[in-house]
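Using my numbering, you'd call the opening residue of the sequence shown number -6 and step up by one each time.
For every residue, glycine included, the Cβ atom is placed at its ideal position computed from N, Cα and C.
None of these values were measured; they are calculated from a predicted model.
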Amino acid sequence: MPGPLLDTLKGSRQPVPPVWLMRQAGRYLPEYRELRAEKGGFLELVYDSEAAAEVTVQPIRRFGFDGAILFSDILIVPHAMGQGLEFLAGEGPKLSPTLLEVELDSFTANHERFEPVYETVRRTRAMIDESVTMLGFAGSPWTVATYMIAGEGSKDQGPARLLAYKDPARLQAIIDRIVATSVEYLRGQIDAGAEAVQLFDSWAGSLAPDEFERWVIAPNAAITAELKASHPDTPVIGFPKGAGAKLPAYARETGVDAIGMDETLDPAWVHASLPAGMPVQGNLDPLLVEAGGPALPKRVRAIVEAFGDRPHVFNLGHGIGQHTPIPHVEELLAALRG
């Protein structure tokens, strides 16, 4: 029996919007911090299927969210493509060598790195109630490419944007390889038990309109078309963070089933601008959850009311912060569920 989240993603509005939070399994939870300390590095935790499944389920146990999002990372794809990956304390991810230093064909792909992730999905699906939707994900090609090119996150993703202008054919080859690898990866997640998948385009907002069309819309459309060919009943959520006024074009042209929104967007504008009946997801500011106070429940209710009769999955505008007090998450849920 599909749960309320899956029903919503398939176009059915619920009396109370289903809810999950981006990065809901993470450092704000003491049980996560305890397990992370026991396992050591972040990547070791991701590739330990038993531990990663436990982390995935932790926020479901604590908060009763309607969706369990796979505990993993968008950079598993470049790692499987053969690029070195490490997570350094206080510095974030580092990929080497960068695609400014070497050609993509110099990497030796190892798609066996996906297997522990698929096992995490299988284990998680067996641990959660059937009413809880199992969510898989991948990074969108543009966002993944920005890390592969620069070797790390940067303020404006300048290295990738510069390559897009100087050598678009080379960037296109990189994007095409990421598309193909991501399709394989997402199909594997779905076959392992993921009931819906999300495409995270965290750096979509860094591009001008023409570049957005080529590097955000087209690759996400390619992935979605491939997934629909093999798994037509599995909803795809597109999350082009920072898309702003380009969001309606993304919704129309990518073929995704639902649209994730960041916190900068006015829900009333989104509701008026997207195709009728298209499910939406978002878009509470994570910093408001961290801050708490009377503005939190007020904003929760305002977001819900703004979408009227449109199918709506309640979520944040991006990932929950590591310093968010747990009582504030409970206040969010109380305001939403009544």
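Residue j beta carbon less than 8 Å from that of residue i
i       : j      : result
His311  : Tyr21  : no
Thr126  : Asp59  : yes
Leu(-2) : Val263 : no
Ala153  : Ile142 : yes
Phe56   : Thr113 : no
Gly235  : Leu280 : no
Phe232  : Leu200 : no
Leu78   : Leu38  : no
Arg303  : Arg115 : no
Glu188  : Thr227 : yes
Pro109  : Ser195 : no
Val70   : Phe130 : no
Gly34   : Phe80  : yes
Ala173  : Leu97  : no
Glu204  : Ala157 : yes
Ala185  : Tyr243 : no
Thr136  : Ile67  : yes
Pro134  : Ile168 : yes
Per DSSP, cross-strand counterpart(s) of residue i
i      : result
Lys87  : Glu79
Ile230 : Gln191 and Ala251
Thr257 : Note: Thr257 sits in no beta bridge, so no partner.
Gly274 : Correcting the residue identity first, residue 274 is Gln in this sequence and not Gly. According to DSSP, which records beta bridges pairwise, Gln274 is partnered with Gly253 and Val306.
Ile62  : Leu128
Val12  : Phe307
Supposed contact pair residue j and residue i - C-beta distance, whole angstroms, cut 8 Å
i       : j      : result
Ala102  : Ala73  : 7 Å
His216  : Leu2   : Note that residue 216 corresponds to Ile in the displayed sequence, not to His. So it is not a contact: roughly 17 Å between Cβ atoms.
Ala61   : Leu128 : 6 Å
Thr247  : Ile210 : 6 Å
Phe100  : Gln76  : 6 Å
Arg245  : Pro268 : 7 Å
Ala(-6) : Glu123 : It should be noted that the sequence gives Met, not Ala, for residue -6. Met(-6) to Glu123, Cβ: 6 Å. Contact.
Gly144  : Thr91  : 4 Å
Lys239  : Pro212 : About 14 Å; that fails the 8 Å criterion.
Asn308  : Val9   : Their Cβ separation, rounded to whole angstroms, is 14 Å, which puts Asn308 and Val9 out of contact at 8 Å.
Pro287  : Ser266 : With 8 Å as the limit, Pro287 and Ser266 do not qualify as a contact, their Cβ atoms being about 30 Å apart.
Handout entry: Given 8 Å, three or more beta-carbon pairs between the region 10 to 24 and the region 86 to 99
Key = The answer is no - the region 86 to 99 does not touch the region 10 to 24, with fewer than three Cβ pairs under 8 Å.
Exercise for the section: Decide yes or no for the touch test of the region 25 to 44 against the region 316 to 328: beta carbon pairs closer than 8 Å, at least 3 of them. Expected result: Taking a contact to require three or more Cβ pairs closer than 8 Å, the region 25 to 44 and the region 316 to 328 do not qualify as touching.
Practice task
Examine the Cβ distances between the region 273 to 283 and the region 246 to 265 and report whether three or more of them are shorter than 8 Å.
Solution key: Result yes; three or more Cβ-Cβ pairs closer than 8 Å.
Handout entry: Three-pair Cβ contact test at 8 Å for the region 284 to 298 versus the region 222 to 238
Key = The region 284 to 298 is not in contact with the region 222 to 238.
Exercise for the section: Could you name each continuous beta strand (DSSP E) segment of 3 residues or more that falls completely within the region 131 to 219, going from the start of the chain to the end? Expected result: Every unbroken stretch of the beta strand (DSSP E) spanning 3 or more residues and falling wholly within the region 131 to 219 is given here in chain order: 189 to 194.
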